[in-house]
Structure formats: C-alpha cells, structure tokens
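The sequence shown begins at 1 in the UniProt record's numbering and counts up by one. Notes follow once the structure below has been shown.
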Amino acid sequence: MTDPQHKPADFRSILFPHTSGVPALVSEEPSCFHDLNLDQIVATLTSGRDDYRLEPIFYTSLTSTQQVEYRQQVYADLARDEVHAHATAFAQAMTTHRSRLAQLSKLYAARQKEFWLLSAMLTYQHAVRDFAEALAGDELESSGMQGLRDWLQAYVAGPEFTRLAEQGEKIRADLDAIRFTMLLDGLKVTVTPYADQADYSAEVEATFARFRQGEVKDHLVQFRSSLWLDTVEENTLELVAKANPETFAALDRYVRENQDRYVDPAVADTDRGLQFYLSYLEHTERVSAAGLSFTMPRVTRDKASRASDVFDLALADKLVSEKKPVVTNSFHLEENERVIVVTGANQGGKTTFSRTFGQLHWLANLGLPVPGTDAALFLFDQLFTHYEKEEDITTLHGKLEDELVRIHDILQAATGDSIIVMNEIFNSTTLDDAILLGTAVLQEIIERDILALCVTFIDELTTLSDTTVSMVAAVDPAEPATRTFKLERRPADGLAYAVALAEKYGLTHDQLTERIAS
C-alpha cells in the first residue's frame, strides 16, 4: 500500500535493526523458562495484552550486541515521559481500531457493518497521523525511534495514505450531513428527506418552560442505544441509503476496495513492538516504586559477568505485592573465572540466586534493563538449566539416571558460548558418588570454557580450578539458624552437607528440641 519512494529503506522494525533483518521468532517456550521462573515473569508482562502475541518476542534471545544495543536505545527513548505518553496514546488508539474490527463479526446488517469498518479505518488513520505528528516534536536519540519517526512522516505524506484518508473523511462527513424525517402511523414507518421542518420537541419544550416552578420531576424516557439494529432500524437505514445513493455507494466501494490493505505491516509490527517495551517499562516502574533498582546492562562477548544489588524479578513481584522486603545480592567474575559454585545453608537463598543469575542474562539478551544497580553480562547463544525434578515413572529411569541423562543432553547441546545453571545436582546419591559425578560434570564445563553457576552441597566442587568461584549463603553469626539470604564470595565453610545430613536424619536443633519435648 505504501509508495516505496516515500518509505525510508533503513527502517524495518523497532525490535531489530535493519542491518540484521527480522529473524523468525521462537514460538515455543524455552525449556529454561520454568526453572528460572521466567514463565511467571512473561505471564505478568503479557497479561491483558493477548491480542499482541508478545510471548514469542520474549522467547527469542538476541544474537548480537548490535541487536541488544538497538533495543536498549529504543527502550531509553520510550522511558522518557513525553515519548512514553505518545506511544501509549498510539497504542490506545490502535486498541480502539481493533475493537471496532472485532465488532464486525457480531453485526449482521450490511449497511451497519460498512459504517463500523469505515470507523475502524478512520481510527487507524488518525492514530498513525497523530503518532507521526507527536514523534516529530520529540527529541529521539535511538536509531530505531528516529527511523520510525522518519518512516511515519513519509508514510502519512505518501499519495496512497493521503488519498485514503481524504476519501474516508469525505465519506464520513457526507454520512454525518444526512438528515431525514420519520413519520410513524401505527405500524407504518415513512422515511423522507429532511426539508427544514420545525423541531416540534424544541418548540414544545420552549412553550412549557415558562410554567416551570423550581425543580420538577423528570418524565423523559431514557432511550437506550443497542449495538444491534432491530428490524425497524435496519429497514429505516435501507430507506435512508436509497434516498442517498451516491454517498452509500461511495461507502460501499471504499470499504470493499481497501479493507484488506489499509493497514501497513510496518505499523502493525510497530504497534506490537511498542507493547513489548511498554509492558516491561510499566512493570519495572511498579517494582521500582518499592525502592528497587533497574539498570541497563553492558552486554558483551566477555564471560566475566558481574552485577550489583540484583534480585529475582518473579519473587520481587510477589514480595512487593505483599509489601515484604526484597533481599539483593551481587556477584562478579574476574577475567578467567567461569563457574560460580554456590554452597551454604539450606533455604538460604541459593536457588533464588541461581534463578536471578539466569534471569539477568536472559533479560539482558532481550535488550531490556535488569534488576540491579550495575551489570555487565555475557551474550550467550543458548541458556540451559538443570533443576531437581520429581521422578517420572513413565521414563523408566531412576532419579539419578534421569539426572545423568538430562545433564548429558545439556552438555551435548551446549557450546563454549552457552550458559548452564544447575541447582542441587546429584542429591539422590551418596556423598562419594555425588562428588565423583559432580566433579566430572564441572570439569567438562571448565574444559569447554562454559559460563556456569552450580548450586550444590558439595564443598569440594568449589576448588576444582582457578576458574571456579565460591559463594556461600550466609547466616546470622549471632543466630546460625537465621538465614540472611545474602550470598558472600568466600571459601565454602564445610557446613552445608552437615546441615543436610542433620535434616535428613532429624538431628537439627529444632528437630531434637521437639523430640525431647515430646
């Protein structure tokens, strides 16, 4: 529909730079989403936005730093109040446009359906034109939003858009100008053109107004308009159409010739892309109101990831709703460090930290801000997770065998540019076997230079190589049974497995106290 001469060649999407093209989006939820609670985050972000089908955008990790930076810059523009307001107004107008199209399937009167379609087309045209005018007055810094602004200005100034807009406005004005009278005689309805007849209702009201004394009871009957026309209304509309053949013929021709081509694909893609950014922006604003911070990370091919004051976004959303405090943590990897091994007290925040680590990298690779105050994160090709699962009898595998099969599949698929997050591996076997198997898996990861995080009760895994980093879930020194949910970068203290054994055999302080008391 758009004249190619008026469409800047360097704009395709606000989601992807024109130099990289628009890749196919992933349609199925990545296997790591459930383990990392990313499924909960995406469900929250897409709630109420079903029409946009945003999930595939969140499922598709970017593949280059150029793509990431492109989105980061677009996000920064949309985070500014005036641009945000203009984008939101456009999105609301496009929602109205879609709702009017949706009503068409509920209507059966042909004339009425044509009018609703005309209204939808005009709403679309107004939305695009208003958005183009608004962006023309905004200071935009991202190439994505600048490209959109330039493309929109060329699009609305193009001959095809101009022709459709002018024709549509004229038809609507001609319809609004139609006046007619109805004569009701029993069950007979006569429709005739309006010929400047007197408005008797106004005359009667003016005549009796002189007799009004103070407030009087209102005897007016409320007229309720329905979306659907009854038989009298539909027949009346047909008579009006016969009396105004040129106007209704123009309406019929206009909607019939243009209904399948008036929406430019780039506008529809922009409407969808804006919702991707706005959904996250609005969500982070709500979480930030509770005193938590978000930062735009530096995403590079450098595996020495680091982040400060980070938190699990899915958990934070729940805690903020309940007005409970959110504990933040930090981590950093030096130049040659690749594997974070997390040990410490049970229920001390280790699993939450592992999820946070995975969430940060996935959100960063989408070009979005991440929870925290500062971050530099690795651009991965694939993100794998291995979390403890209930034994599945349909596989005919024992729990240990199932773990080994899943870890084997991960190592087969992973590359040197992948990230692996493992949580509580080999808990179902003896300590000696867990040390043997855990060591073999981590050595494979270390040899292949894979960035990884492993939560374990095996302290021996923290010292396998100078590329491993030990982090420990801390407890309150004054009250060892009290978890702080803070993780510290320091050597493992040898207590994690002892606590696990004590809990397994009912020998913790609380368990012993309860048994003695009984």
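Note that beta-carbon positions come from the ideal geometry of N, C-alpha and C, so glycine has one too.
Residues of the same chain with a CB within less than 8 Å of the CB of L278, apart from the 5 flanking positions on each side, are L78, H84, A87, T88 and A91 in chain order. Here the alpha carbons of S61 and G344 stand approximately 32 Å from one another.
Put simply, of T328, A289 and A241 the residue whose alpha carbon is nearest the alpha carbon of A110 is A241.
For D271, the closest alpha carbon among the candidates F384, D381 and A127 is that of A127. F384 is positioned such that its CB atom lies no closer than 8 Å to that of A364.
Around the C-beta of I407, 16 or more other C-beta atoms lie within 10 Å, and the residue is accordingly described as buried. For V22, the secondary structure class from DSSP, reduced to helix, strand or coil, is coil.
Going by DSSP, D309 is part of the beta strand (DSSP E) stretching over R306 to V310. The C-alpha of V74 is placed about 22 Å away from the C-alpha of R301. DSSP places V326 in the coil class of the three-state scheme, outside both helix and strand. The beta carbons of W362 and L140 sit no closer together than 8 Å. By DSSP's assignment, V83 forms no beta bridge with any residue. Beta-bridge partners assigned by DSSP to A473: G344 and L487. For I420, the uninterrupted beta strand (DSSP E) segment begins and ends at I419 to N423.
Shown here, F384 sits in a strand according to DSSP, grouped into three states. The stretch 277-292 makes no contact with the stretch 159-170, as fewer than three CB pairs between them are under 8 Å.
If you compare the alpha carbons of E82, R53 and T123 with that of R100, the shortest gap goes to T123.
Remark: C-beta atoms of S20 and Q72 do not approach each other more closely than 8 Å.
Sequence-distant partners of G416 (beyond 5 residues in either direction) whose C-beta falls short of 7 Å from its own C-beta, in its chain, are R448, D449 and I450. Ranking Q40, D309, N427 and L15 by CA distance to the CA of D317 puts Q40 first. If the five residues before and after T373 are omitted, its C-beta is found closer than 7 Å to the C-beta atoms of S293, T295, S308 and D309, all from its own chain and listed in chain order.
When the Cα atoms are used, F131 and A165 turn out to be separated by approximately 15 Å.
Contact annotation: E114 and D252 have beta-carbon atoms nearer than 8 Å.
Membership of K188 in the beta strand (DSSP E) is indicated by the continuous run K188 to P193. By the CB criterion at 8 Å, V475 and T463 fall outside the cutoff. With a contact defined as Cβ atoms closer than 8 Å, S470 and A492 qualify at about 5 Å. Straight-line measurement puts the Cα of A314 at about 13 Å from the Cα of T351. Closest option to E337, judged by alpha-carbon separation, among L437, V327, Y200 and R489: R489. Between A440 and E69, the alpha-carbon positions lie close to 38 Å from each other.
Minimum Cα-Cα distance from S31 among the listed residues A517, I516 and H386 corresponds to H386.
Apart from the 5 residues on each side of it in sequence, T181 sits with its Cβ closer than 8 Å to the Cβ of V191, T192, P193, Y194, A195 and Q197 in its chain, given in chain order. Around the CB of T356, 16 or more other CB atoms lie within 10 Å, so the residue is classed as buried. Residues L333, R338, F378, D449 and L451 of the same chain have their beta carbon placed closer than 8 Å to that of K303, with the five preceding and five following residues left out of the count.
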